[in-house]
Amino acid sequence: MTQLILKIKDDSKVNFVEKLLSELDYVEIQVPKAKSSKKKTGLFEHAGMWAGRSIDADTLRKKAWKKED
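If you want this note's numbering, it's the 1-based position in the sequence shown plus 5.
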């Protein structure tokens, strides 16, 4: 199967080209998924935010799940 990549300069013509190509029974249209511009960050990439602070996991847990008596 031969693949052809089209770059349409005028955004207003995209629908026309899609409709035209979809009428051809021997053409399959595949629209690529838009790439997310937001970078996914892991938990350990934020580890530096605690640098220089005298706090540990137990203290955080106690403050986060503080029981009201």
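Backbone N, C-alpha and C define an ideal beta-carbon position, used for all residues, glycine too. Computed from a prediction, not measured in an experiment: that's the story for all the values here.
Assigned secondary structure, residue i (DSSP; H/G/I helix, E/B strand, else coil)
i     : result
Met6  : coil
Ser27 : helix
Leu65 : helix
Lys71 : coil
Gly79 : Look at the range of the chain in this structure, 6 to 74, and you will see that residue 79 is not part of it.
Asp16 : helix
Val22 : helix
Nearest-angstrom Cα separation, counted from residue j out to residue i
i     : j     : result
Val8  : Ala52 : Looking at the sequence provided, one finds Gln at residue 8 rather than Val. Distance between the alpha carbons of Gln8 and Ala52 is about 45 Å.
Val35 : Asp16 : The sequence given here places Gln at residue 35; Val does not occur at that position. Taking the straight line from one Cα to the other gives about 17 Å.
Lys14 : Ser27 : 19 Å
Glu23 : Lys43 : 29 Å
Asp61 : Glu73 : 22 Å
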